[in-house]
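Taking numbering that gives the first Met the number 0, the leading residue of the sequence shown gets 0, the next gets one more, and so forth.
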Amino acid sequence: MNKPEHRSRVATALWPVAALALASALAACGGNDSYAPAPPPPPVAEDPTMVPTSATANAAAFSTYAANLAPSDTTEPLVVGTLVPPVSDTEEPVALTR
């Protein structure tokens, strides 16, 4: 057997091995479109004893919040120690009636 013929057989035998190695390497690189980012964390529940910040956005929001508070003898009281109710010089006062 002469050397050129031997190299040809070895090269022919190595092509499938090289192709398989290349295909495996490409498959391992990724190309996966099913990646999804982690979902955002759930919203933090507001403390039921605190007046929500949305209620202090303006005088109308505060009046609406106060008017919709349900009277209850079983829930904890609202913490209003540092609460500064919003005021308006242009809006008419809203009556809080039940």
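In this text, a Cβ means the ideal position worked out from N, Cα and C, and glycines have one as well.
Under the three-state reduction of DSSP, V78 is assigned to strand.
In this structure, V79 keeps its C-beta atom at 9 Å or more from the C-beta atom of Y64. An exposed status is given to S23, since fewer than 16 other beta-carbon atoms sit within 10 Å of its beta-carbon. Distance from the CA of A26 to the CA of W14, rounded to the nearest whole angstrom, comes to 18 Å. Taking A60 as the centre and dropping the five residues before and after it, the same chain places the C-beta of A54 closer than 6 Å to its C-beta, in chain order. In its chain, beyond the 5 residues on either side, P51 have a beta carbon closer than 6 Å to the beta carbon of E45. For the options A66, L77 and D72, the alpha carbon positioned closest to that of A94 is the one of A66. Rounded to whole angstroms, T48 and T74 show a C-alpha spacing of 9 Å.
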